[in-house]
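Student: The opening residue of the sequence shown carries number 11 in our numbering; numbering runs sequentially from there.
Think of the CB as a built atom: it goes at the ideal place given N, C-alpha and C, for glycine as much as any other residue.
Once you've had a glance at the structure underneath, I'll fire off some questions.
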Amino acid sequence: MLDPSSDTLDIDILILPETNLILVASVIEPLRAANRISGQDLYRWRMFSPDGQPVETRSRIPVPVDGPFRPEKEAHPLFVLSSYQWQMSATSLLRRQLSQTARYRSMMAGIESGSWLLAEASLLDGHSVTIHWEDMEEFASRYPQIAVMRERYVIDGKRITTGGSLPTLDLMLEIIRRRQGYSLALEVSRLFIYEHERTGGLLQVPALGNMRVADQRVSQAVRLMEETVDAPLTLARLARRVGISARHLQDLFQEAMGVAPHQHYLALRLNAARRKVIETRAEFADIAALTGFNSSSAFSRSYRAHYHESPTETRRRLRAGTKA
């Protein structure tokens, strides 16, 4: 599930009553976005409830499901989603079903309060996990055999846990990053960018690796990169514009973003180029010039290295899909 791959990943999602709607969206929307941006079915999902009926969320908006959850010999990863009143769902039947299906699943994920359900089924014993910050002390006291960590999400072997809705969004971006690379994960994350007046207008970005930017100098550098996709600045010029040395910017960037400045810059340019390849009929030489590549051949080489197909192959594949 977490290894680099362009194959379709099928995910099963068990949604329990009184789950937050935003928690469901935090799992599904990044996957939907990855499919749309890539033009491929990289991810598919099925949703289940304990009884097969639509799940009534806390916002009173029902979530339709594909059927009742039944323990079968499925190897797909299983995400267990829960928010409030998880105790009502922790029946002996559900605990038994989770234990049975765990024998075959490649991965089991406790999303927010879903971790309680996995713990009740003894599926987190000996693992490191996280939980919503309000529940950490109670969870640690109740399950001393489980190591509780103050992290947004934890991946430990075949177990994943998250501490809330936004940490779940961070997790899904990390899954996309590991499977399809930094460029696609970055483009998906940019769909969820928001502004906040208390930050002075600096971009707030869902975490991608360590990509939760608090340092204003890194935020300023990111914005400058976005504004100069067509004519990339050197690291030295970028650092001067920010007001620090190139070495200092590189260190700050690596700490905040988890990648070197040039990797992020290249990902921005390639994502911009990919959108033009998909959404326009522009010549590749023109796209190369608009995204800071000095030749169409240099653009094509970089494009293929990141997306595992040439610009021509992308357009041909999408045309074939449209005709089908």
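Out of 47, 123, 175 and 317, state which residue places its alpha-carbon closest to the alpha-carbon of residue 197.
Tutor: Here residue 197 refers to the residue found at position 187 of the sequence shown. The residue with the shortest Cα to Cα distance from residue 197 is 47.
Student: Determine which residues share a DSSP beta bridge with residue 171 and list them.
Tutor: The sequence position of residue 171 within the sequence shown is 161, counting from 1. Bridge partners of residue 171: 120 and 164.
Student: Residue 151 to residue 130, Cα distance in whole Å?
Tutor: For this step, residue 151 is matched to residue 141 along the sequence shown. For this step, residue 130 is matched to residue 120 along the sequence shown. Each residue's Cα considered, the two are about 13 Å apart.
Student: Measure from the alpha carbon of residue 98 to the alpha carbon of each residue in 29, 329, 241 and 243, then state which is nearest.
Tutor: In the sequence shown, residue 98 corresponds to position 88, counting from 1. It is 29 whose Cα lies nearest to the Cα of residue 98.
Student: Along the chain, where does the beta strand (DSSP E) containing residue 92 start, and where does it finish?
Tutor: Counting from one through the sequence shown, the residue named residue 92 turns up at place 82. Its beta strand (DSSP E) spans residues 88-92.
Student: Could you give the DSSP three-state label for residue 59: helix, strand or coil?
Tutor: Reading the sequence shown from its first residue, position 49 is the one you call residue 59. Strand at residue 59.
Student: Mind checking if residue 98 is an interface residue toward chain D, Cβ cutoff 8 Å exclusive?
Tutor: Among the chains of the structure shown, chain D does not appear; only one protein chain is present.
Student: Taking Cβ to Cβ, would you say residue 256 is nearer than 8 Å to residue 266?
Tutor: Reading the sequence shown from its first residue, position 246 is the one you call residue 256. Reading the sequence shown from its first residue, position 256 is the one you call residue 266. Result no, Cβ atoms of residue 256 and residue 266 do not sit closer than 8 Å.
Student: Rounded to the nearest angstrom, how far is the Cβ of residue 262 from that of residue 227, given a contact under 8 Å?
Tutor: Along the sequence shown, read from residue 1 onward, the residue named residue 262 stands at position 252. Along the sequence shown, read from residue 1 onward, the residue named residue 227 stands at position 217. Sure, about 6 Å apart at Cβ, within 8 Å.
Student: Alpha carbon to alpha carbon, how far is residue 177 from residue 27?
Tutor: By one-based count along the sequence shown, residue 177 stands at place 167. By one-based count along the sequence shown, residue 27 stands at place 17. The straight-line gap from Cα to Cα measures roughly 20 Å.
Student: Could you compute how far the alpha carbon of residue 302 sits from the alpha carbon of residue 319?
Tutor: On the sequence shown, residue 302 is found 292 positions in, with the first residue counted as 1. On the sequence shown, residue 319 is found 309 positions in, with the first residue counted as 1. Roughly 20 Å between the two C-alpha positions.
Student: Among the residues of its own chain, which have a CB less than 8 Å from the CB of residue 282, if the five just before and after it don't count?
Tutor: As a working note, residue 282 is residue 272 in the sequence shown. Answer for residue 282: 239, 300 and 301, listed in chain order.
Student: For residue 193, which residues of its own chain have a beta-carbon under 7 Å away from its beta-carbon, when the five flanking residues on both sides are left out?
Tutor: Here the question's residue 193 lines up with position 183 in the sequence shown. 277, 280, 281 and 316.
Student: Give the C-beta separation of residue 321 and residue 287 to the nearest angstrom, bearing in mind that I take them to be a contact with Cβ-Cβ under 8 Å.
Tutor: As a first step, residue 321 must be located in the sequence shown, where it is residue number 311. As a first step, residue 287 must be located in the sequence shown, where it is residue number 277. Contact flag correct, Cβ pair sits at about 5 Å.
Student: Which stretch, first to last residue, makes up the beta strand (DSSP E) that contains residue 47?
Tutor: As a position in the sequence shown, residue 47 is number 37, starting the count at 1. Residue 47 -> not in any beta strand (DSSP E); alpha helix (DSSP H) instead, spanning 31-48.
Student: Let me confirm a value: residue 21 is counted as buried when at least 16 other C-beta atoms fall within 10 Å, else exposed. Which label applies?
Tutor: Locating residue 21 in the sequence shown gives position 11, where the first residue counts as 1. It is buried - the Cβ of residue 21 has at least 16 other Cβ atoms within 10 Å.
Student: Tell me, please, which residues DSSP counts as bridged to residue 335.
Tutor: This structure cannot speak to residue 335, because the chain is shown only from 11 to 334.
Student: So residue 110 and residue 81 are supposed to be a Cβ contact under 8 Å. How far apart are they, rounded?
Tutor: Here residue 110 refers to the residue found at position 100 when the sequence shown is read from its first residue. Here residue 81 refers to the residue found at position 71 when the sequence shown is read from its first residue. Contact holds; Cβ gap of about 4 Å.
Student: Report the option in 237, 270 and 225 whose CA atom is closest to the CA atom of residue 245.
Tutor: For the purposes of this step, residue 245 is taken as the residue at position 235 of the sequence shown. Comparing Cα positions, the closest option is 270.
Student: Just curious, the alpha helix (DSSP H) that residue 281 is in, first and last residue?
Tutor: By 1-based counting over the sequence shown, the position of residue 281 is 271. Residues 271-289.
Student: Report the residue from 32, 39 and 51 whose alpha carbon sits nearest the alpha carbon of residue 15.
Tutor: For this step, residue 15 is matched to residue 5 along the sequence shown. Per the Cα distances, 51.
Student: Report yes if the CB atom of residue 19 is closer than 8 Å to the CB atom of residue 189, and no otherwise.
Tutor: Along the sequence shown, read from residue 1 onward, the residue named residue 19 stands at position 9. Along the sequence shown, read from residue 1 onward, the residue named residue 189 stands at position 179. Against a cut-off of 8 Å, the Cβ pair of residue 189 and residue 19 comes out as a contact.
Student: With distances taken from CA atoms, which of 122, 199 and 330 is nearest residue 175?
Tutor: Mapped onto the sequence shown, residue 175 falls at position 165. Nearest C-alpha to residue 175: 122.
Student: Can you give the Cα-Cα distance for residue 43 and residue 275, rounded to whole angstroms?
Tutor: The residue given as residue 43 occupies position 33 in the sequence shown. The residue given as residue 275 occupies position 265 in the sequence shown. Their backbone Cα atoms lie some 21 Å apart in a straight line.
Student: Find out if the Cβ-Cβ distance for the pair residue 136, residue 127 is shorter than 8 Å.
Tutor: Translated into the one-based positions of the sequence shown, residue 136 becomes position 126. Translated into the one-based positions of the sequence shown, residue 127 becomes position 117. Not in contact: residue 136 and residue 127 (Cβ atoms no closer than 8 Å).
Student: Quick check on the burial criterion: 16 or more other C-beta atoms within 10 angstroms. Buried or exposed for residue 259?
Tutor: The residue given as residue 259 occupies position 249 in the sequence shown. Under this definition residue 259 is a buried residue.
Student: Could you say which of 88, 323 and 169 lies nearest to residue 138 if we only look at CA atoms?
Tutor: Here residue 138 corresponds to residue number 128 of the sequence shown, with the count starting at 1. The candidate whose alpha carbon is nearest that of residue 138 is 169.
Student: Can you tell me whether DSSP reads residue 138 as helix, strand or coil?
Tutor: On the sequence shown, residue 138 is found 128 positions in, with the first residue counted as 1. Residue 138: strand per DSSP, three-state reduction.
Student: State yes or no: is the C-beta of residue 124 within less than 8 Å of the C-beta of residue 90?
Tutor: Taking the sequence shown and counting its residues from 1, the one referred to as residue 124 is at position 114. Taking the sequence shown and counting its residues from 1, the one referred to as residue 90 is at position 80. Yes, they are a contact pair.
Student: Would you list the one or two residues that DSSP bridges to residue 157?
Tutor: On the sequence shown, residue 157 is found 147 positions in, with the first residue counted as 1. Bridge partners of residue 157: 138.
Student: For residue 25, count neighbouring C-beta atoms within 10 Å of its own C-beta (all shown protein chains included) and say buried if the count is 16 or more, exposed if not.
Tutor: Residue mapping note: residue 25 aligns to position 15 of the sequence shown, counting from 1. Buried, since its Cβ has 16 or more Cβ neighbours within 10 Å.
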